[in-house]
Structure formats: C-alpha cells, structure tokens
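In our numbering, the protein residues as written are 659 to 1056.
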C-alpha cells in the first residue's frame, strides 16, 4: 500500500566512484533523494546510510549462500520530528540532499570475475512505525589512491626473466613495469633462440591470471561443529588470453640461425566486473600473474619443447583510468609513463630570485644594493640585498 503512495523514488549520486587520498581529504559521498508522493503519508524518519559489506560465498545445506560482515557504516538523518514521533509528509515532490563524510582510510571496493567480495552501497531509508521500511539504494565504489600515483620518487620497476631450457632453448621475457594501472595496455617483449635448428617456435600463449583468497572469522557454532577458525574461499580466473601463431612464419631460412624476438601488447579488461585490483589484506588477498607459454615443434611437426614462465605483477586503481561515473578510460602504459612530468633535476632548477637579481645588478663587479618586491602577503614587502664575496674554501680557512 505504501509503495503505491510513492509515485517516484530516485536516489542519485554525484560520483559513482570516489578516490580517497591525504591530498584530497576530506572526501564525502554526496547525492540527492527525490520523492514524489501521491497523497499524505505518515513517516517516522528519513535517513541515508553508507554501508560497506564483506561477503564470502559458502556452500550450505540449502545450496550456496553468502556469509556477510559489515565493515563500514555511517548514517545521516534527512527528516524527522523533534519528538521522534511519526509526522505527516504532504503530497507532492520532495528533494533531500545528503553529504556523508569518509575517513582518510577505508577498505577498498573489491569486485571482479565471479566475485563481489567487498562492496559499498548508499541506502535511502524511509522508516514507518510498526511497518516495514521503504529502501532505495545505489552502489558506490571507494578506493584509496595508490602511493604509485602520489609519489614521483617511485621508479619504474621493469621485470625480466632469462632462462635456458632442458631442450637447449635460450629465452628472455620482460615487461616495462611490474606495477600496471587498471584497464591499461602494456607491452610484453619475448626472445627465443634454440641452439639446435630442429626446434621451431610454433605458438606463444600469454595469459593474465587472477588468484583470490578471502577469509572471515568462523562463528562459535561453526568452530565447534567443524573445528575451524576461519571460513575461506579461493578461486583462480583467467582475465586475459591471447595466442600468437608462428607456424606459418616463413621469414626465417632453414639454413640460417634461428631466433624469434617480438613485442606484443597485453590489454587488461576495461570492465570493473571482469578484473580486480591487486591487494593484500588480512581478509582478502588478490594477486596477478602473467603466464607465458611457448611451444616448439620439430621438423616432423611433433612437440619438441614447451616453456612456461610466470611473472608476478600488480594492478592498481587510479583516477586517471576510472572516471567519477565508474567508466574505464583504458590507456597505453607507455604513453602514461611518457606523459608524467617529475620534478626537474637539481641542476635544472631556476636560480633563486634574490641571488639572480643581485647577480644581474652587480654588472661592474662592485658591491651594489638591489630592491626586490615579493607578494607573500596582501601588503608588499621590500628587502635590501647586498652582494658579498663568497665564503673562502675550506682549505684556505685551515
């Protein structure tokens, strides 16, 4: 009956994806609740609530279910009576603005292929006395800005693997950086050189594998019944896969020295439900690996050797790749690295204004005075600078 009295209910968020950092703090979840009532209704209170929920799928007697735990909760009242009794809301359109401040550190949103381990949701709740609540909700994503985004001092971390297989095949595999932004494209460089001419490269398969491990404390009943302290869930997903076929490559003569060197792009999924960010916390650990498998065949076409190497790397969330509306802007990691502008080297810094001014005025190598105005406050200040001889060298003093 109450739902029929509400002809329109809309909860809108100003930002569907929020990044928190020390530079951008304080940060809030803001939005608007719109209601249209067909007639006068009795309401106890109206409030908005932000809640973070950690969930693990477990197998129960009645099938699969989710074990949930609240990790964050904060409320803001929107409408209520001073006596906390029910009040009458008139018919018509009503709008409520809300602003829920966030702490400087929160548990990141963690969603991906076949899992929703940690999520945030904004709920607008209309409470009624002795009747069920009316709830409208919207998901929101909250992330901490990675240290890789805020520090220019963090160098690129290339990763290279070299090896020599039992079949006398030398190889070298490398990526430009083991820290990769979410949804971007990064290059993988491969080099193979069989020492014996009978082995020829047939295919190279490159995969990005995501491994997830989640756990929650077991309840007292579960501990007594199953003799366990934690409820755990683990799974592995392939979020990217491509195979390069070299079987038809006729560019190499049979009598020449054979080697293969190539660079191929790896494009991470540009969907927040198709891939997760790397993270390592007590309740949740998500790691990513780059798996490279090279298959060699002999002259008869039989498999002569298979080389598989795994390179661990990290996927991190960045506001450069994820917009406020949770849209993904995939970029090439080489272009992103080239566009960064770190602070100039010490030798490239501009000379100090005071010293440079004094030096320019001392044209005749005689002591002179320069007046320099600075705007450090609303009133102008003047300083008298006298050029002086430099201090003697240490060996002259001794």
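Backbone N, C-alpha and C fix where the C-beta goes; we use that ideal spot for every residue, glycine too.
Quick caveat, the model's predicted, so the values are computed rather than measured.
Within the DSSP secondary-structure output, residue 679 pairs in no beta bridge.
Runs of the beta strand (DSSP E) spanning 3 or more residues and lying entirely within the region 757 to 833 occur at 768 to 770, 773 to 786, 789 to 802, 817 to 822 and 827 to 833, in chain order. Per the coordinates, the alpha-carbon of residue 738 lies some 51 Å from the alpha-carbon of residue 898.
Each of 980, 969, 874 and 902 was checked against the Cα of residue 724, and the nearest Cα belongs to 874. The secondary-structure analysis by DSSP pairs residue 963 across a beta bridge with 954. Shown here, residue 917 sits in coil according to DSSP, grouped into three states, outside any helix or strand.
Burial is judged here by how many other beta carbons sit within 10 angstroms of a residue's own beta carbon; residue 860 has at least 16 and is buried.
For residue 700, the three-state secondary structure derived from DSSP is strand. For residue 756, the closest alpha carbon among the candidates 833, 793, 966 and 670 is that of 670. Judged by beta-carbon spacing, residue 806 lies beyond the 8 Å limit of residue 826, meaning their Cβ atoms are not closer than that value. For the options 748, 752 and 744, the alpha carbon positioned closest to that of residue 786 is the one of 744. Taking the C-beta atoms as reference points, residue 729 is found no nearer than 8 Å to residue 754.
Restricting attention to 930, 867 and 883, the CA atom closest to the CA of residue 801 is found in 930. For residue 781, the closest C-alpha among the options 789, 714, 710 and 817 is that of 710.
Taking a cut-off of 8 Å on C-beta distances, the region 862 to 881 touches the region 935 to 952, as three or more cross pairs fall below it. In this structure, 803 is the residue among 803, 889, 890 and 961 with its C-alpha nearest to the C-alpha of residue 683.
Apart from sequence neighbours up to five positions away, the residues of its chain that approach residue 918 with a beta-carbon distance below 6 Å are 850 and 859, ordered along the chain. Looking at the backbone, the Cα of residue 819 and that of residue 984 are separated by about 35 Å. Contact check for residue 667 and residue 838: beta-carbon distance about 41 Å, past the 8 Å limit, so the pair fails to qualify. Bounds of the alpha helix (DSSP H) holding residue 879 are 878 to 884. The continuous beta strand (DSSP E) containing residue 747 extends over residues 745 to 747. Within the model, the alpha-carbon separation for residue 949 versus residue 872 is close to 23 Å. For residue 894, the uninterrupted beta strand (DSSP E) segment begins and ends at 888 to 903.
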